[in-house]
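Numbering that gives the first Met the number 0 puts the sequence shown at residues 0 to 496. Glycine residues also receive a C-beta, built at the ideal position from the N, C-alpha and C atoms.
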Amino acid sequence: MAKQPRSELRRDGDRTEQVSEKIRKRLFIKTYGCQMNVYDSARMTDVLAPLGYQVVDSPRGADMVILNTCHIREKAAEKVFSELGRLRAFKQERRDQGGDMLLAVAGCVAQAEGEEILRRAPQVDIVFGPQTYHRLPEMVARAARAADGRGVLDIDFPVDSKFDHLPEEAAAPGPAAFVSVQEGCDKFCSFCVVPYTRGAEYSRPAAAVIAEARRLVAAGVREITLLGQNVNAYHGEAPGGTPNGTGGGTWGLGRLIRALAEIDGLERLRYTTSHPRDMDDELIAAHGEEEKLMPYLHLPVQSGSDRILAAMNRRHTAADYLRIVERLRQARPDLALSSDFIVGFPGESDRDFADTLKLIQDVGFAQAYSFKYSPRPGTPAAVEDSQLAEPVKAERLAGLQQLLGAQALAFNAACVGRDLPVLLERPGRKAGQLVGRSPFMQSVHVGVPEVAMARLAGRILPVRIDSAHPNSLAGSLLVDDAPQAAAGGRTMARITA
Ligand code: SAM
Ligand code: SF4
0 MAKQPRSELR
10 RDGDRTEQVS
20 EKIRKRLFIK
30 TYGCQMNVYD
40 SARMTDVLAP
50 LGYQVVDSPR
60 GADMVILNTC
70 HIREKAAEKV
80 FSELGRLRAF
90 KQERRDQGGD
100 MLLAVAGCVA
110 QAEGEEILRR
120 APQVDIVFGP
130 QTYHRLPEMV
140 ARAARAADGR
150 GVLDIDFPVD
160 SKFDHLPEEA
170 AAPGPAAFVS
180 VQEGCDKFCS
190 FCVVPYTRGA
200 EYSRPAAAVI
210 AEARRLVAAG
220 VREITLLGQN
230 VNAYHGEAPG
240 GTPNGTGGGT
250 WGLGRLIRAL
260 AEIDGLERLR
270 YTTSHPRDMD
280 DELIAAHGEE
290 EKLMPYLHLP
300 VQSGSDRILA
310 AMNRRHTAAD
320 YLRIVERLRQ
330 ARPDLALSSD
340 FIVGFPGESD
350 RDFADTLKLI
360 QDVGFAQAYS
370 FKYSPRPGTP
380 AAVEDSQLAE
390 PVKAERLAGL
400 QQLLGAQALA
410 FNAACVGRDL
420 PVLLERPGRK
430 AGQLVGRSPF
440 MQSVHVGVPE
450 VAMARLAGRI
460 LPVRIDSAHP
470 NSLAGSLLVD
480 DAPQAAAGGR
490 TMARITA
């Protein structure tokens, strides 16, 4: 596969031509899976910006397409290969027009499949894992030079963290942003690919996280969600400490949250995804004491059966989970809880499943994610003999989702008539509508006067909740503290569109 020469690599030294060509590079990134991938895609954009790449919203006609993949679900690799088939036609179209399209596969499927992607999909130019995307400029240059048509493969777990090499984020994405604080996992749950695709646990130094948060707040961000595969396993070097954690020592997530809460202008903090074993005293206390830490927690439990939890290698029992929930609710009585559940794990009996339903009833979740167990190649549970039949898994999932759905609706319904502070994030699908988040992470649709949309977006304002739906709320704005723009010069008790 001969590569077309790329303008930034031309040796004609014509600076003007290079600059104008730079502006014209279109980058399309398709992101699959979790918020970590959303964050990684944004950072890939930052890494490629100095090369002139700008994000576009279609792969057609793009100069570079990256598929940032997820390996958690079944048939993840097959879905990527079929997407690559579609992209091959766009790549050919670009070549027919005298250009080219660099095709890259990133993320956890890239890490897991590696060389196999280049073998099965020779139209792919670059395959790179979640820990190496800071080297993208070098990979792009190598792909452009590769006269033999061989794709570039970079799926190392480098000794140096990518965070030491990433540029500062180019632009704040809006009023709510993610900051990655921790990556990888050492827990090896028997169903999960993450420890194999994302590598060992790593925590960013606290000072780097605080600096990134400050930059985001200066750019207008009001809410930050701290991200990690196991975010509450965070143990980053304390400011003033040394890389091996001596001197200043290390900070846990609770301590980091307290430091971040001191940033003026930052109104809200959240974190995801946490593991029950890492809910330490300091973090639980932060839920009670730190006002900026929102009263919502995603705390996956996976199962309510101790037998299954042991087989999953979760290293906690259902009672441990209930105790943690009780302590959290003592600290923050209005805490809304969310979780992940897997049904149909190998060997799961009716009794085990009933234990899961019981745990759900005991806790009462505001929302949750639930999945049929899917064997992931290379994980211990995938080779268990006691795999369950698909219809059994499907029936259990339906029963579980019915219960969780009813709890979510009841939680939302209990908000009707309440006045909740909502961070108004973006326009909704309907005209004259903004969508935001309540403190409890519910999506809230708010009708506002069209002329006031731009002025109100990005602010946290009180909203009277008028109606509840399974996955969202609707309400009306209570106070417009700059009335001259939209409300005919009056401060309105309740503003409707
Ligand atoms: N680190 C988090 C934890 O320990 O709970 C979860 C991270 S994982 C990326 C997100 C969720 O995907 C898991 O909580 C689990 O419910 C689900 N998941 C992971 N592997 C799965 C599998 N093989 N089958 C079904 N669901 C799976
Ligand atoms: Fe996967 Fe979470 Fe278990 Fe780690 S703790 S192996 S990321 S499910």
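Exercise for the section: Report yes if the C-beta distance between His315 and Leu308 is below 8 Å; otherwise report no. Expected result: yes
Exercise for the section: Indicate, with yes or no, if ligand 2 has a heavy atom lying under 7 Å from the CB of His274. Expected result: yes
Exercise for the section: State the start and end residues of the unbroken beta strand (DSSP E) segment that holds Pro461. Expected result: 459–467
Practice task
List the whole-angstrom C-beta distance separating Leu516 from Glu114, where the pair is believed to meet the contact cut-off of C-beta under 8 Å.
Solution key: Lying before the first or after the last residue shown, residue 516 is absent from the chain, which here runs from 0 to 496.
Handout entry: Classification of Gly84 by the beta-carbon crowding that lies within 10 angstroms, buried from 16 upward
Key = exposed
Problem - Nonlocal neighbours in the same chain, by C-beta distance under 8 Å from Val123, ignoring five residues either side - result: Leu83, Leu102, Ala103, Val104, Ile116, Leu117, Gly150
Practice task
Note down the Cα distance separating Gly244 from Val180, rounded to an integer number of angstroms.
Solution key: Note that Gly244 scores a pLDDT of 47, beneath 50, so its modelled location is shaky; the value from the coordinates is reported in the next line. Straight-line Cα distance between these residues: approximately 16 Å.
Practice task
Assign Ser337 to buried or exposed, taking buried as 16 or more other Cβ atoms, counted over all protein chains shown, within 10 Å of its Cβ.
Solution key: buried
Handout entry: For Leu66 and Val79, believed in contact at Cβ under 8 Å, the rounded distance
Key = 6 Å
Practice task
Tell me whether Phe364 counts as near ligand 2, meaning its Cβ is closer than 7 Å to at least one heavy atom of that ligand.
Solution key: no
Practice task
State yes or no: is the C-beta of Ile71 within less than 8 Å of the C-beta of Val192?
Solution key: yes
Exercise for the section: May I have the straight-line CA-CA distance separating Lys186 from Arg395, to the nearest angstrom? Expected result: 26 Å
Problem - Rounded distance between the beta-carbons of Gln301 and Pro500, thought under 8 Å - result: In the structure as shown, the chain starts at 0 and stops at 496, and residue 500 therefore has no counterpart that could be examined.
Exercise for the section: Could you check the C-alpha separation between Pro299 and Thr272 for me, to the nearest Å? Expected result: 8 Å
Exercise for the section: If I'm right that Leu423 touches Val445 with Cβ under 8 Å, what's the distance once you round it to whole angstroms? Expected result: 7 Å
Handout entry: At least three beta-carbon pairs within less than 8 Å, the stretch 213–222 to the stretch 251–258
Key = no
Practice task
Examine ligand 1 and report whether any of its heavy atoms sits within less than 7 Å of the Cβ of Val193.
Solution key: yes
Problem - Coarse secondary structure for Val79, derived from DSSP in three states - result: helix
Problem - Continuous alpha helix (DSSP H) stretch holding Pro390: start and end - result: 389–412
Problem - Residue ranges of each beta strand (DSSP E) within the stretch 283–324, 3 or longer - result: 295–297
Practice task
Return helix, strand or coil for Asn470, following the three-state DSSP convention.
Solution key: coil
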